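Asker: When we follow full-length UniProt numbering, the leftmost residue of the sequence shown carries the number 1, and every step to the right adds one.
Ideal Cβ placement from N, Cα and C applies to all residues, glycine included.
Every value quoted in this text rests on a predicted model; they were computed, and no experiment measured them.
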Amino acid sequence: MPVCPADDATVAARAPESSLIPASLQGRTGTIVLQPGKRPHVSPGLPSPPPSGAPPLFRVAALGGTFDHLHAGHKILLSMGAWVAREKLIVGITDDALLRKKAHREVLENVALRTARTRAFLERFKPGLHYDIVPISDVYGPTAWDPDVQALIVSKETLSGAASIHRLRQEKSLPPLHTFVIDVISATEASVDDKDAEMLKNTKMSSTFIRRWIVQNQTRVESK
1 MPVCPADDAT VAARAPESSL IPASLQGRTG TIVLQPGKRP HVSPGLPSPP PSGAPPLFRV
61 AALGGTFDHL HAGHKILLSM GAWVAREKLI VGITDDALLR KKAHREVLEN VALRTARTRA
121 FLERFKPGLH YDIVPISDVY GPTAWDPDVQ ALIVSKETLS GAASIHRLRQ EKSLPPLHTF
181 VIDVISATEA SVDDKDAEML KNTKMSSTFI RRWIVQNQTR VESK
């Protein structure tokens with residue numbers, strides 16, 4: 001369950017009150033962008049702060065992905081989801097049927113294993129939160145119909161999917177989603193220029209990168 005381009009994605013994300021967020025940003029609205037090793041910052045052009053009585057977290061948050069060969073990028077996304085969710089985090093895991101054309105699918109983990117590893121990480125990271133981990137066969141998952149979802153957590157590379165989610169919820173008169181955007185991290189570089197699409201594709205930490213590494217190393221071992 002991804003999200004929309006920057007202008008569409010700013011459906012308002014309120015910064016939770018936390019010692020991890022600078023006091024100047026607490027309670028502000030806008031899209032919150034989290035970058036590895038940096039404190040979050042809020043996009044310019046922020047509207048007026050919400051009422052002081054607004055809750056610091058969201059009752060129900062949602063996110064989605066393949067979560068194949070669970071890696072650091074996945075864990076950052078999942079951690080952010082668990083951090084902003086007060087009662088329940090919905091995690092959509094791409095069903096096996098949608099991954100048939102993925103590169104190196106012979107080493108792709110099945111949905112049952114991906115689900116189990118995702119749940120194990122979340123329950124260790126934040127015990128006590130309710131985790132609704134479901135297979136999804138499209139970009140929407142439960143965000144297409146669940147009126148209780150309040151927040152959506154995505155990575156920069158999945159911003160385009162959120163546009164579809166946002167439009168569908170508008171069409172169905174469902175409440176808009178507060179959007180949190182996680183920066184992409186690299187598997188090989190200290191930093192990634194996210195404006196360089198080719199570099200982003202080749203160096204980002206991803207399940208595809210890991211599967212390629214596994215296959216290449218299996219080939220080297222077999223050839224010895």
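Is the stretch 59-76 touching the stretch 117-132, taking contact as three or more C-beta pairs under 8 angstroms?
Answerer: Enough Cβ pairs lie closer than 8 angstroms, so yes.
Asker: Where does K126 sit, in a helix, a strand or coil, going by DSSP?
Answerer: Working through the sequence shown from its first residue, we reach residue 126 at position 126. Here K126 sits in coil by DSSP.
Asker: From A116 to A162, what distance separates their C-alpha atoms?
Answerer: The sequence position of residue 116 within the sequence shown is 116, counting from 1. The sequence position of residue 162 within the sequence shown is 162, counting from 1. The straight-line gap from Cα to Cα measures roughly 26 angstroms.
Asker: Only counting the same chain, and skipping five residues up and downstream in sequence, which positions put a Cβ closer than 7 angstroms to that of H74?
Answerer: What you label residue 74 is simply residue 74 of the sequence shown in a count that begins at 1. So the list reads G65 and F67, once near-sequence residues are dropped.
Asker: To which residues of the same chain is R119 closer than 7 angstroms at the C-beta, ignoring the five residues directly before and after it?
Answerer: Sequence index remark: in the sequence shown, residue 119 carries index 119 (1-based). The answer, listed in chain order, is Y131 and I133.
Asker: Does DSSP put T118 in a helix, a strand or coil?
Answerer: As a working note, residue 118 is residue 118 in the sequence shown. Reduced to three states, the DSSP call for T118 is helix.
Asker: Determine the direct distance from the alpha carbon of N217 to that of I165, and round the result to whole angstroms.
Answerer: As a working note, residue 165 is residue 165 in the sequence shown. As a working note, residue 217 is residue 217 in the sequence shown. The alpha-carbon atoms of I165 and N217 are separated by roughly 39 angstroms.
Asker: For R100, is the classification buried or exposed, using 16 other Cβ atoms within 10 angstroms of its Cβ as the cut-off for buried?
Answerer: Counting from 1 along the sequence shown, the entry for residue 100 is found at position 100. Exposed.
Asker: Nearest-angstrom Cα distance between Q35 and K172?
Answerer: On the sequence shown, residue 35 is found 35 positions in, with the first residue counted as 1. On the sequence shown, residue 172 is found 172 positions in, with the first residue counted as 1. Because the pLDDT of Q35 is 47, which lies under 50, any placement of that residue in the model is unreliable, and the number read from its coordinates should be weighed accordingly. Their Cα atoms are separated by approximately 33 angstroms.
Asker: Nearest-angstrom Cα distance between S79 and F125?
Answerer: Against the sequence shown, residue 79 aligns to sequence position 79. Against the sequence shown, residue 125 aligns to sequence position 125. Roughly 7 angstroms separates the two Cα atoms.
Asker: Since A72 is in the alpha helix (DSSP H), which residue starts that stretch and which ends it?
Answerer: As a first step, residue 72 is located in the sequence shown; it is residue number 72 there, counting from the start. That run of the alpha helix (DSSP H) goes A72 to V84.
Asker: Taking only three categories from DSSP, how would you classify E171?
Answerer: As a first step, residue 171 must be located in the sequence shown, where it is residue number 171. The answer is helix: DSSP assigns E171 an H, G or I state.
Asker: Hey, quick one: how far does the beta strand (DSSP E) through G65 stretch, first residue to last?
Answerer: Stepping through the sequence shown from its first residue, residue 65 is reached at position 65. Start and end: F58 to G65.
Asker: On the three-state DSSP scale, how would you describe L113?
Answerer: The residue labelled residue 113 in the question sits at position 113 within the sequence shown. The answer is helix: DSSP assigns L113 an H, G or I state.
Asker: What number of angstroms, rounded off, separates the C-alpha of residue 225 from the C-alpha of L174?
Answerer: For the chain, the structure presents residues 1 to 224; residue 225 sits outside this window and is missing.
Asker: Measuring alpha carbon to alpha carbon, tell me which residue in R86, Q170 and R114 is nearest H71.
Answerer: Translated into the one-based positions of the sequence shown, residue 71 becomes position 71. Here the closest residue by C-alpha is R114.
Asker: Quick check on the burial criterion: 16 or more other C-beta atoms within 10 angstroms. Buried or exposed for R169?
Answerer: By 1-based counting over the sequence shown, the position of residue 169 is 169. Buried, by the Cβ-count rule.
Asker: In three-state terms, what does DSSP make of H178?
Answerer: By 1-based counting over the sequence shown, the position of residue 178 is 178. Reduced to three states, the DSSP call for H178 is strand.
Asker: With DSSP run on the structure shown, which of helix, strand or coil describes P44?
Answerer: By one-based count along the sequence shown, residue 44 stands at place 44. Residue placement at P44 cannot be trusted, given a pLDDT of 35 that sits under 50; the coordinates are not used to answer.
Asker: State buried or exposed for S137, treating a residue as buried only when at least 16 other CB atoms are found within 10 Å of its CB.
Answerer: Counted from its first residue, the sequence shown places residue 137 at position 137. Exposed, by the Cβ-count rule.
Asker: Provide the residue span of the beta strand (DSSP E) that contains L152, from first to last.
Answerer: As a first step, residue 152 must be located in the sequence shown, where it is residue number 152. Start and end: A151 to S155.
Asker: Determine the direct distance from the alpha carbon of G128 to that of V139, and round the result to whole angstroms.
Answerer: Within the sequence shown, the letter at position 139 stands for residue 139. Within the sequence shown, the letter at position 128 stands for residue 128. Straight-line Cα distance between these residues: approximately 27 angstroms.
Asker: Our contact map puts P77 next to I182 with C-beta atoms below 8 angstroms; I'd like the distance itself, whole angstroms only.
Answerer: As a working note, residue 77 is residue 77 in the sequence shown. As a working note, residue 182 is residue 182 in the sequence shown. The amino acid at residue 77 is misidentified as Pro; the sequence shows Leu. Confirmed, Cβ separation roughly 5 angstroms.
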